[in-house]
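To start, the structure under review is shown below, and the notes come after it.
2 protein chains.
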Amino acid sequence: MRWSERASGRLNEAGFRAGAARRQVIELLAGEHCAVTALEIDRRLPSVGRASVYRTLEQLEQLDLVHRVEVGGESAAYERNDPGEHHHHMVCVRCGRLVPFEDASLERAIHRVGEGAEFEVISHDVLLRGVCPRCHGDG
Amino acid sequence: MRWSERASGRLNEAGFRAGAARRQVIELLAGEHCAVTALEIDRRLPSVGRASVYRTLEQLEQLDLVHRVEVGGESAAYERNDPGEHHHHMVCVRCGRLVPFEDASLERAIHRVGEGAEFEVISHDVLLRGVCPRCHGDG
DNA sequence: CGGTGAAATAAGAATGAGTCTCATTTTCAT
DNA sequence: ATGAAAATGAGACTCATTCTTATTTCACCG
């Protein structure tokens, strides 16, 4: 439960106040190891309004405490951001399963692209689409 | 106008019939060098129904004749897929401008990740987010 | 060529994700 | 405790996308 404390602390420092909605969203994210969609959070917290879910996620994202993962068309998913950790995802095109991976040489290559570009690159995302081992045998 | 012929041909081979809607969508995509959103296509082709725009794009995507580009939350954009060509995009977080880039060592790194993974990787996307030179000076 | 049945189409209703509004409740600095 | 300011929940709203359906068009056949 380290991340939830850090998240609350950072939000307080940033001038936001702690309410019931914020606490519940943070608790939920703290307990998840993988990405959860905004609407699933909304569903799992019936006493929290949709707007509060989205507002909290937005604040957390701005402070780099969560990372938004966008997978093909569907609703955006969020996962907590642990310091010093950086990964991307593979998504199974059949079952939708999301599996994280990290690769240093990929990161280096991306960093080099950013150096050479006219853009001032702030962040990046990589998504690999494919078939996961579980789905591989099926029709 | 090579791509439009190839696209029509492949659609015919795949068993789809040629109608006015399909022709117009293909013409429009053939004339664009950069990604266009589905709704912009719909707007620019007033005589074509929305459903036909989406259906045609879906068929073209299935046959790998167009590539769908998903940029943060907004509506998905489509660009034609020329053989032997493969690029990714940088998006300006201020003005939304989309700029293509390609990088061989990035592709190699991604390919290596795919080799080592349990997933059978089919495709991938890379998106760099940043500030474009035009927006860089502004407040 | 003209008929025919299947596929394509246009219009717009329906869905679903995400945003906005606003009246009410909480928070927190005093 | 108190009161100004922020957070909240309910639901209306927007916008992209999908679905439905009646109609039109296509490609094949004689």
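Residue numbers (this note's numbering), protein chains in the order written: chain A, 5 to 143; chain B, 5 to 143. Where a beta carbon is used, it is the ideal one built from N, C-alpha and C, also for glycine. Owing to the predicted nature of the structure, the values given are computational and were not obtained by experimental measurement.
Neighbourhood of residue i by C-beta, 8 Å cutoff - its chain only, sequence neighbours within 5 removed
{"i": "A/HIS128", "result": "ILE114 and GLY118"}
{"i": "A/SER51", "result": "ALA24 and GLN28"}
{"i": "A/HIS90", "result": "GLU106 and GLU111"}
{"i": "B/ASP68", "result": "ASN85"}
{"i": "A/TYR97", "result": "One detail in the question is off: residue 97 of chain A reads as Val in this sequence, not Tyr. ARG133, GLY134 and VAL135."}
{"i": "A/ARG14", "result": "LEU67 and LEU69"}
Classification of residue i by the beta-carbon crowding that lies within 10 angstroms, buried from 16 upward
{"i": "B/GLU9", "result": "exposed"}
{"i": "A/ALA42", "result": "buried"}
{"i": "A/HIS71", "result": "buried"}
{"i": "A/HIS4", "result": "Because residue 4 of chain A is not part of the residues shown, which for chain A are 5 to 143, the question remains open."}
{"i": "B/ARG116", "result": "exposed"}
{"i": "A/GLY134", "result": "buried"}
{"i": "B/ASN85", "result": "buried"}
{"i": "B/ALA18", "result": "exposed"}
{"i": "B/CYS136", "result": "buried"}
{"i": "A/ALA145", "result": "Any property of residue 145 of chain A remains undetermined from this structure, which presents chain A solely from 5 to 143."}
Neighbourhood of residue i by C-beta, 6 Å cutoff - its chain only, sequence neighbours within 5 removed
{"i": "A/VAL26", "result": "Note on residue identity: the sequence assigns Arg, not Val, to residue 26 of chain A. Excluding residues within five positions, the ones whose Cβ falls inside 6 Å are THR60."}
{"i": "A/VAL125", "result": "GLY118"}
{"i": "A/VAL75", "result": "VAL95"}
{"i": "A/ARG138", "result": "none"}
{"i": "B/LEU64", "result": "VAL70"}
{"i": "B/ARG54", "result": "ASP46"}
{"i": "A/VAL130", "result": "HIS92"}
Nonlocal neighbours in the same chain, by C-beta distance under 7 Å from residue i, ignoring five residues either side
{"i": "A/ASP45", "result": "In the sequence under discussion, the amino acid at residue 45 of chain A is Ile, which differs from the Asp named in the question. The residues are VAL29, LEU32 and VAL57."}
{"i": "A/LEU132", "result": "MET94"}
{"i": "B/ALA39", "result": "VAL73, ALA81, TYR82, GLU83 and LEU102"}
{"i": "A/TRP7", "result": "ALA34, ARG84 and ASP86"}
Beta bridge counterpart(s) of residue i as assigned by DSSP
{"i": "A/GLY100", "result": "Paired residues: none, contrary to the question."}
{"i": "B/THR60", "result": "For B/THR60, which the question treats as bridged, DSSP gives no partner whatsoever."}
{"i": "A/VAL52", "result": "BP columns for A/VAL52 are empty, so no partner."}
| request: Identify each residue in the stretch 58-82 of chain B for which the Cβ-Cβ distance to at least one residue of chain A is less than 8 Å, and report them in chain order. | output: The residues in question are GLU74, GLY76, GLY77 and ALA80.
| said: Short of 8 Å Cβ to Cβ, which residues in the stretch 96-111 of chain A face chain B? | reply: CYS96, VAL97, VAL103, PHE105, ASP107, SER109 and LEU110
| query | Taking any Cβ of chain A, which residues in the stretch 121-143 of chain B have a Cβ under 9 Å from it, in chain order? | reply | ALA121, GLU122, PHE123, GLU124, VAL125, ILE126, SER127, HIS128, ASP129, VAL130, LEU131, LEU132, ARG133, GLY134, VAL135, CYS136, PRO137 and HIS140
| Whole beta strand (DSSP E) runs in the stretch 112-138 of chain A with 3 or more residues, listed along the chain? | 124-135
| query | Taking a cut of 9 Å between CB atoms, which residues from the stretch 21-52 of chain B lie near chain A? | reply | none
| Which full runs of the alpha helix (DSSP H) of 4+ residues lie inside the stretch 12-38 of chain B, going along the chain? | 24-34
| query | If you scan the stretch 71-99 of chain A from start to end, which runs of the beta strand (DSSP E) of 3 or more residues do you find wholly inside it? | reply | Look at the stretch 71-99 of chain A and you find these whole runs of beta strand (DSSP E), each 3 residues long or longer: 81-84 and 92-96.
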